[in-house]
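Peer 1:
Residue numbers (full-length UniProt numbering): 1 to 144.
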């Protein structure tokens with residue numbers, strides 16, 4: 001299977017389908033559209049027929065910190081180095097945002113059990129003696 005990588009062309013329906021194929025919590029259509037629109041960069045892995053089989057997004061301020069968000073490879077296409085290629089291309093994009101002497105932090109939160117994959121791609125598992133653990137808070141709309 002030949003895979004091509006396309007930039008900033010992932011449609012909302014494709015985004016939602018990829019998330020569903022890996023059993024991630026669904027978002028509303030508004031949230032999905034805003035997520036794509038507000039991303040700095042969206043990378044999609046596609047088959048010869050144009051079907052999306054993987055994706056990754058970069059979100060952040062584009063100056064000091066970026067995050068890898070929504071790295072997905074559909075189960076039928078895993079173990080074909082698609083995830084690794086997505087990460088390498090996402091990292092390359094972030095490198096284009098910095099100039100001489102600057103440093104950009106590229107962070108992510110990975111699914112449980114995927115730490116080794118990201119370590120092999122150059123990421124550091126936290127906590128470390130210098131860095132605390134990552135944290136998360138799920139927020140919902142307040143009921144009025």
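Beta carbons: idealized from backbone N, C-alpha and C, even for Gly.
All of these numbers come straight from a predicted model, not from anything done at the bench.
#1: In whole angstroms, what separates the C-alpha of residue 122 from that of residue 30?
#2: Beta carbon of residue 107, beta carbon of residue 118: below 7 angstroms?
#3: Which word fits residue 39, buried or exposed, when buried means at least 16 other C-beta atoms lie within 10 angstroms of its C-beta?
#4: Report the three-state DSSP secondary structure of residue 133 (helix, strand or coil).
#5: Is DSSP giving residue 18 helix, strand or coil here?
#6: Are the CB atoms of residue 72 and residue 22 within a distance shorter than 7 angstroms?
#7: Closest to residue 15 by C-alpha separation, out of 112, 79, 32 and 132, would be which residue?
#8: I'd like the ranges of any alpha helix (DSSP H) spanning at least 4 consecutive residues and lying wholly in the UniProt domain "N-acetyltransferase" (1 to 142).
#9: Thinking C-beta only, is residue 42 closer than 7 angstroms to residue 66?
#10: Can you tell me the Cβ-Cβ gap for residue 44 and residue 6, rounded? I've got them flagged as a contact below 8 angstroms.
#11: In angstroms with no decimal places, state the Cα-to-Cα distance between residue 142 and residue 4.
#12: According to the Cβ coordinates, are residue 50 and residue 86 closer than 7 angstroms?
#13: Which term fits residue 75, buried or exposed, when burial requires 16 or more other beta carbons within 10 angstroms of its beta carbon?
Peer 2: To lay it out plainly:
#1: 34 angstroms
#2: No, these two residues do not count as a Cβ contact at 7 angstroms.
#3: buried
#4: Assigned with DSSP and collapsed to three states, residue 133 falls in coil, not helix or strand.
#5: Reduced to three states, the DSSP call for residue 18 is helix.
#6: yes
#7: 32
#8: 12 to 21, 29 to 37, 82 to 95 and 115 to 120
#9: no
#10: 5 angstroms
#11: 42 angstroms
#12: The answer is no: Cβ separation not under 7 angstroms.
#13: exposed
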